[in-house]
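Okay, structure first, notes after.
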Amino acid sequence: MKKSIFTLILSTIFLSDAFSQVKNFIDQPYIEVAGEADTLVTPNRIYLKIIISEKDSRDKISIEELEEKMLTSLKTLNINIEEDLTTRDELSNYKSYFLKNKDILKSKEYILIVKEAATASGVLLELENIGISNISIEKTEHSDFEKFMNYCRTKAIKNAYDKATAMTRPISQSIGNAIHIFDNEAKFDNGFEGALHGVVVSGYSNKNKKKYEQPKIEFEKIKISAFVSVKFVLK
47 MKKSIFTLIL
57 STIFLSDAFS
67 QVKNFIDQPY
77 IEVAGEADTL
87 VTPNRIYLKI
97 IISEKDSRDK
107 ISIEELEEKM
117 LTSLKTLNIN
127 IEEDLTTRDE
137 LSNYKSYFLK
147 NKDILKSKEY
157 ILIVKEAATA
167 SGVLLELENI
177 GISNISIEKT
187 EHSDFEKFMN
197 YCRTKAIKNA
207 YDKATAMTRP
217 ISQSIGNAIH
227 IFDNEAKFDN
237 GFEGALHGVV
247 VSGYSNKNKK
257 KYEQPKIEFE
267 KIKISAFVSV
277 KFVLK
């Protein structure tokens with residue numbers, strides 16, 4: 047019984063202390079401001095979707111032979127196919143489908159990760175040379191996303207501080223410590239999947255094909271943004 051009473055008293059003390067802290071926070075004069083910041087980064091992980099199909103082969107070669115040619119071409123570009131090339135189907139099965147004339151055609155989808163636009167250009171040219179042109183961008187990203195995100199958060203906090211300082215100066219007041227910081231959901235603008243600059247999704251431009259030069263590709267930079275809400279004590 048005594049133990050129960052002691053526990054009840056202890057719980058009451060803790061609740062009272064917590065309520066007091068909340069009350070003290072609410073009772074303090076404060077100013078709440080929003081801060082934001084963003085930066086642009088060049089993607090260093092570019093996901094190319096490659097679909098090989100018997101119907102795409104100009105010489106009507108089998109998909110198995112076309113696949114072997116693709117792997118050989120990628121190796122000439124010093125691409126680590128064991129690490130950077132995966133099949134969409136985890137079981138690596140071919141997809142088969144029928145045409146009206148009852149021919150059976152196979153297709154297979156790959157995801158290739160490259161680290162720069164120059165390598166992507168080389169992939170487009172090499173695969174086009176062997177009859178593979180069904181290539182598109184799955185997505186782009188940066189391996190140091192969190193690093194850039196934290197950079198933006200730091201700038202956003204500074205932006206909020208500058209706003210609060212500017213707002214209190216005309217009324218002869220100043221700001222103190224931050225008593226509450228809320229980090230809104232991070233955002234990044236990466237809306238360029240599926241398209242290449244100066245390049246058709248299924249291949250590259252006719253101008254480049256006539257000259258047979260490596261197509262020059264530039265990927266749009268990724269916009270990373272941070273939004274924060276900060277409460278500063280008013281002095």
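The opening position of the sequence shown corresponds to residue 47 in the working numbering, with each subsequent residue numbered one higher. No residue lacks a Cβ here, since even glycine has one placed at the ideal position from N, Cα and C.
Paired residues, beta bridge with residue i - DSSP
i: I98; result: K154
i: K182; result: Before going further, note that residue 182 is Ser rather than Lys in the sequence given. BP columns for S182 point to K95.
i: V274; result: G81, D229
i: T133; result: Y156
i: V279; result: Y76
i: V87; result: I268
i: I221; result: L280
Proximity below 9 Å, CB of residue i to CB of residue j
i: F265; j: A202; result: no
i: T186; j: I268; result: yes
i: L120; j: V169; result: yes
i: A272; j: E100; result: no
i: R199; j: V79; result: no
i: T211; j: S220; result: yes
i: L173; j: I181; result: yes
i: I125; j: L158; result: yes
i: M213; j: I127; result: no
Residue environment, residue i, which counts as buried when at least 16 other CB atoms sit within 10 Å
i: P216; result: exposed
i: K277; result: buried
i: N205; result: buried
i: I270; result: buried
i: L112; result: buried
i: D94; result: Reading the sequence as shown, one finds Leu at residue 94 and not Asp. Under this definition L94 is a buried residue.
i: T88; result: exposed
i: H226; result: exposed
i: L137; result: Confidence in L137 is poor, its pLDDT being 42 and thus under 50, which makes the residue's placement unreliable; the coordinate value appears in the next sentence. Label assigned to L137: exposed.
Candidates the options, of which the one nearest residue i by Cα
i: L131; options: F228, E111, S108, R91; result: R91
i: S167; options: K115, K209, G177, L123; result: L123
i: S108; options: P75, S153, R134; result: S153
i: G177; options: K193, E114, H226; result: E114
i: D84; options: I225, I227, K281, K193; result: K193
i: R134; options: T214, M213, Y156; result: Y156
i: M86; options: V160, P75, Y197, K161; result: Here the sequence assigns Leu to residue 86, which means Met is not the residue at that position. For L86, the nearest C-alpha among the options comes from Y197.
i: D190; options: K161, N175, M213; result: K161
i: N230; options: T165, M195, V279; result: M195
Any chain D beta carbon closer than 9 Å to residue i
i: L123; result: No chain D appears in the structure shown, which is made up of a single protein chain.
What residue ranges within the segment 180–216 form continuous beta strand (DSSP E) runs of no fewer than 3 residues, ordered along the chain?
181–187
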